[in-house]
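Structure first, then comments.
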Amino acid sequence: MTKKQPEATFRDGALKLTVWKNEGQSGPFLTTTIARTYRTEAGHVADTQSLSVSDLPRIAALCQIAYARSLEMRRELAVEAETLPLIEEDRPRSAFARGTRGQAPDRPHDRRSPR
C-alpha cells in the first residue's frame with residue numbers, strides 16, 4: 007500500500023501546514039493539518055500538533071498562504087470535474103473580508119448611517 011501524498015506543504019522553520027486532497031460523496035475536497043516537526047530522543051523525525059502561543063503569528067501567515075493556494079487548487083479540481091467552481095468559502099462573508107470595513111453599508115436593510 008502506498009502512502010498518501012499531500013497536495014501541498016508550506017513550512018516556516020519547524021512549523022508545517024499540509025494540504026490534503028480527499029474524496030467524498032460529492033467529489034474531491036481539501037483538508038489541512040498543522041504541525042511542528044521535531045526530533046525524538048532516539049533521533050527520529052516526528053510531528054506534534056501541540057504548538058506554543060509564540061507560533062501563532064507564523065501559523066497565521068502559513069494559513070494565509072495555504073488558503074490562497076487552496077482556492078487555486080479547488081478551482082483546478084472544478085475544471086478537472088468540468089464544473090464551475092461554486093465554492094461557498096470563495097465568497098467573502100463579512101465587511102472585513104470584502105475590505106469595506108468602516109464604509110457605507112451596501113445592503114438596503116442595513117439602516118446604519120455611514121461614518
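Going by the working numbering, the sequence shown opens with residue 7, and the numbers climb by one from there. Where is the CB? At the ideal position from N, CA and C, for every residue including glycine.
Boundaries of the alpha helix (DSSP H) harbouring Glu78: Leu62 to Glu86, taken from the DSSP string.
Excluding the 5 residues flanking it on each side, Thr54 has same chain C-beta neighbours closer than 6 Å at Arg42, in chain order. The C-alpha of Phe35 is placed about 10 Å away from the C-alpha of Ala84. The continuous beta strand (DSSP E) containing Glu29 extends over residues Leu21 to Gly30. Annotation for Ala48: no beta strand (DSSP E) segment contains it, and DSSP assigns it neither H nor E. Val51 and Leu57 have their alpha carbons spaced roughly 16 Å apart.
Within a 10 Å sphere around the beta-carbon of Leu62 sit fewer than 16 other beta-carbons, which makes this residue exposed.
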